[in-house]
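A.B. asks: Following UniProt numbering, the numbering of the sequence shown begins with 1 at its first residue and continues without gaps.
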Amino acid sequence: MYVIEVIPLAVLPPNVPQILSYFFDRRLEKGAIVQISLNNRKVNAIVVSYAALESQKILLKKTGFQLKKLSSVVNEIPQVSAGQFQTALWLSKYYYAPLGLCLKTVLPPFFLKKKYELKTAAETVLPPQKSPGKPLIILSGAKDTLDNLMPHIKKSILNDGLASPAGGQVLFIVPEKINLEYLSAQLSDKYKTVVIHSGLSNKQYFESWVNASGGTAQIIIGTRQALFLSFKNLRLIIVDDPLNDAYKSDMSPRYNTPELAKHIAAAHGSKIIFTSSVIGIQNYNLIKNNKLAMNDTKTKNGVKLLIVNATEELKENNFSPLSRKLKEILVSRVKLANQKILIFSPRRGYSGIAVCQNCGLAVKCPDCAVAMRVHKTTDFILICHRCSRNQPIPQFCANCNSYKIKTAGQAGSQKIYDEIQRTFERNNISGIPVLILDSDIAKNETEEEEALEEIKKPRTSVLVATQMIFSRRYQLNFNLIGIINADALVNSPDYKTDEEFIYQMEKLKDFEPSEILIQTHNPEDAIFQTLQDAKYDKFYNNELQARQTFSYPPFSRLIKLSFKHKNQAKASFEARLLTEKLKRAAVQMKLEKTAKIIDASPASVERERGLYIFNIILKISPEFENIRELLKFVPAGWIIDADPKAII
């Protein structure tokens, strides 16, 4: 008889043992699949280890637990590799997530499908010939990214200058599926490439997996799940656009792709390169501390930057979302041949909100603590941007019964589109296509491609777009970019707001315009001067000083604890209770200087989809690694988000 240790492919509370013991009549290899009984239900599990029952008797007597027998063996052939186990364990430890859930995340979608059974889960990881050195960030314009990477790719794949089975593999990670086709087309002529993303069928995923693990594939291009493949001889990992929010998982385990990529690179002895249009504050700090190398290949394209005071426009009775200067430049540009113009809107929809002019009450979503946004279909409707609930604009105010309900607030992409059309009509301009690209209009990739094919035609055209356009900066150019209501991008109270604004502006510069016009009510804001100068060292150093003062990353690690409940009092009580429990625990563990616990407070959107949300923020010293000892006091039902996108 043998004691078999397994990881159940189920969600167990993170503060209970994640590896369970059962007995069986024969030994089973690590990576085999079994079925166990867990809380009166059958659950698949993965074997971690085995030991003779005789050698474990004393230990079992001490624990007092009575072992259950494994229910059955699903597959004795190991289907989970050592690398997959290692990745799952790292995810569980670093993000304090259930180990079984982390292992399920790592495993491919065809797992447990008999049709796609692996002959063996073994992977070959060759030791590096020499130290891969420090991580490298390459600052590059989007369209120059591949040219700057090719020497590194070639060096990693080739052996003595010749393509060889002994050569290495390159993993190229991108934030969005849209970019995969472009990169594959550029690289597949020279190298054997496979593509990995969530839209693949089980058959396609299996074939790519076999090619990667067998070494047939020289370059693997994929979104974040490509990091979970088995590799033959991984020599280089490239992470494009590492500051992109799409890299942060919204579901447990809430991992951040660039951080996971560093772990995978270290496990394989691989070099890692980040490619970006902007450094980012945390990377800047790493460069200052000689922990990250940088190669700045960006060329100054001489873009002209104009800042327009939107408040002055109102004083001159211009209530249009387009400033007089933008209209003037727009009208002159469209009279030229083959001009491509992008009008960037931070918001979709028609206008801001619907407000009662009598009492000032805005129409709010019944399920979320936010005002609903005005959208235009055949008629005007209200849509909640949190839960997507929609309803007609009410005829009467729910508060005072007044019928004086009007739309107010900054224009969205739909209203900007209408205003451009009116501007052209007033100036007798016809035949100029005006297109719109946002998630309301382009609901899938096909519709998005149709809109962009129109823009690519060799003629003058105007595109009104939201952030959706960023992923197309590798392929599109615009002569003029107008930014409507830049204040929507800089008015968030989150500590990363200014950094995010610089990041988005640099992405817009990747479209290589000769002119960018920014409309703002606060032209004196220092962030616009920073943008004008385009010398970010001073900005980064000032930000680092402020973050050090207030213990924000990179001078701490943030963990956001969130609790949701339909009853506001219950949510508030649980949040206050846990705050006090964590503070007491920190004192008992002598962590007052290591872990700062910020009192519980409502989220910036206090109620969403009928649930009230309260957050507790932990600021943890970067040197403190045993955070599990503190987080074990967090009860079930709480969301633990390490390195969150935002803390509000």
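Each residue gets a CB set at the ideal place from its N, CA and C atoms; glycine is no exception. As the structure is a prediction and not an experimental result, all values here were calculated from the model.
On a CA-only basis, which of 428, 534, 416 is nearest residue 482? Give me that one, please.
C.D. replies: Comparing Cα positions, the closest option is 416.
A.B. asks: What does the Cβ neighbour count give for residue 302, buried or exposed, with the cut at 16 atoms within 10 Å?
C.D. replies: Counting Cβ neighbours within 10 Å, residue 302 comes out exposed, since fewer than 16 surround it.
A.B. asks: Using the beta-carbon count (16 or more within 10 Å), is residue 150 buried or exposed?
C.D. replies: Label assigned to residue 150: exposed.
A.B. asks: What are the residues that DSSP puts in a beta bridge with residue 41?
C.D. replies: DSSP output for residue 41 lists 38 as bridge partner(s).
A.B. asks: Count the CB pairs spanning the segment 505–518 and the segment 463–483 that are closer than 8 Å, and state whether there are at least three.
C.D. replies: Yes: at least three Cβ pairs fall under 8 Å.
A.B. asks: For a quick check, are the C-beta atoms of residue 213 and residue 196 less than 9 Å apart?
C.D. replies: Against a cut-off of 9 Å, the Cβ pair of residue 196 and residue 213 comes out as no contact.
A.B. asks: Based on DSSP bridge pairs, tell me the residues matched to residue 435.
C.D. replies: BP columns for residue 435 point to 463.
A.B. asks: Considering only the beta carbon of each residue, do residue 578 and residue 642 sit closer than 9 Å?
C.D. replies: It is not a contact, given that the beta carbons lie outside the stated cut-off.
A.B. asks: Quickly, what does DSSP pair residue 3 with across the bridge? List them, please.
C.D. replies: Answer is 23, 51, bridged to residue 3.
A.B. asks: Can you tell me whether residue 251 is buried or exposed, with buried defined as 16 or more other CB within 10 angstroms of its CB?
C.D. replies: Residue 251 is exposed by the Cβ-count criterion.
A.B. asks: Give the DSSP-derived three-state secondary structure of residue 375 in the structure shown.
C.D. replies: Note: residue 375 maps to strand in three-state DSSP.
A.B. asks: Does the Cβ of residue 400 have 16 or more other Cβ atoms within 10 Å, making it buried, or fewer, making it exposed?
C.D. replies: So residue 400 ends up on the exposed side.
A.B. asks: Mapping DSSP to helix, strand and coil, what is residue 422?
C.D. replies: Reduced to three states, the DSSP call for residue 422 is helix.
A.B. asks: What does the alpha-carbon distance come out to for the pair residue 392 and residue 489?
C.D. replies: If I take the Cα positions, the gap works out to 28 Å.
A.B. asks: Using beta-carbon positions only, say whether residue 45 and residue 16 come within less than 9 Å of one another.
C.D. replies: Not in contact: residue 45 and residue 16 (Cβ atoms no closer than 9 Å).
A.B. asks: Within 10 angstroms of its Cβ, does residue 631 collect 16 or more other Cβ (buried), or is it exposed?
C.D. replies: Buried, because 16 or more other Cβ atoms sit within 10 Å of the Cβ of residue 631.
A.B. asks: Can you have a look at residue 628 and say buried or exposed, based on whether 16 or more other CB atoms are within 10 angstroms of its CB?
C.D. replies: Per the 10 Å Cβ criterion, exposed.
A.B. asks: My parser needs the alpha helix (DSSP H) runs of 4 or more residues fully inside the segment 321–375; what are they?
C.D. replies: For the segment 321–375, whole alpha helix (DSSP H) runs of length 4 or above, ordered along the chain, are 324–334.
A.B. asks: Under 8 Å by Cβ, that's how I've got residue 308 and residue 518 pegged, so tell me the actual separation to the nearest angstrom.
C.D. replies: Right, their Cβ atoms sit about 7 Å apart.
A.B. asks: Quick check: the segment 10–29 against the segment 65–79, are at least 3 beta-carbon pairs closer than 8 Å?
C.D. replies: Yes, the segment 65–79 is in contact with the segment 10–29.
A.B. asks: What is the C-beta distance between residue 385 and residue 440, in whole angstroms, given that I count them as a contact (C-beta under 8 Å)?
C.D. replies: Contact flag wrong, Cβ pair sits at about 11 Å.
A.B. asks: Considering just the uninterrupted stretch of the beta strand (DSSP E) at residue 519, what are its terminal residues?
C.D. replies: Taken as a continuous stretch (DSSP letters only), the beta strand (DSSP E) holding residue 519 covers 515–520.
A.B. asks: Assign residue 167 to one of two classes, buried (16 or more other C-beta atoms within 10 Å of its C-beta) or exposed (fewer than that).
C.D. replies: Classification of residue 167: buried, given that the 10 Å Cβ count is 16 or more.
A.B. asks: What are the boundary residues of the alpha helix (DSSP H) that includes residue 100?
C.D. replies: Its alpha helix (DSSP H) spans residues 99–106.
A.B. asks: Helix, strand or coil, according to DSSP, for residue 14 in the structure here?
C.D. replies: DSSP places residue 14 in coil when its eight states are reduced to three.
A.B. asks: For the alpha helix (DSSP H) containing residue 704, name the first residue and the last one.
C.D. replies: The displayed coordinates of the chain run from 1 to 648. Any statement about residue 704 would go beyond what the structure contains.
A.B. asks: Going by DSSP, what residues sit across from residue 649 in a beta bridge?
C.D. replies: For residue 649 there is no data in the structure shown, the boundaries of the chain being 1 and 648.
A.B. asks: What is the rounded straight-line gap between the Cα of residue 184 and the Cα of residue 292?
C.D. replies: Between residue 184 and residue 292, the C-alpha separation is close to 28 Å.
A.B. asks: If the criterion is Cβ atoms closer than 9 Å, does the pair residue 341 and residue 372 meet it?
C.D. replies: Their beta carbons are not under 9 Å apart, which means residue 341 does not touch residue 372 by this criterion.
A.B. asks: Based on Cα-Cα distance, which residue from 114, 581, 284 lies nearest to residue 206?
C.D. replies: Taking only the C-alpha atoms, the option nearest residue 206 is 114.
A.B. asks: Let me check understanding here. Comparing Cα to Cα, which of 333, 635, 135, 634 lies closest to residue 286?
C.D. replies: Closest by alpha carbon: 135.
A.B. asks: Are three or more beta carbon pairs between the segment 535–550 and the segment 324–342 nearer than 8 Å?
C.D. replies: The segment 535–550 vs the segment 324–342: no contact.
A.B. asks: Counting along the chain, where does the alpha helix (DSSP H) carrying residue 258 start and finish?
C.D. replies: Looking at the DSSP string, the run of the alpha helix (DSSP H) that includes residue 258 is 257–268.
A.B. asks: So residue 309 is in the beta strand (DSSP E); what residue range does that whole segment cover?
C.D. replies: Here the beta strand (DSSP E) through residue 309 covers 304–309.
A.B. asks: What separation, rounded to the nearest whole angstrom, lies between the Cα atoms of residue 389 and residue 431?
C.D. replies: Answer to the nearest angstrom: the Cα atoms are 37 Å apart.
A.B. asks: Does the Cβ-Cβ distance between residue 503 and residue 280 come in under 9 Å?
C.D. replies: Their beta carbons are under 9 Å apart, which means residue 503 touches residue 280 by this criterion.
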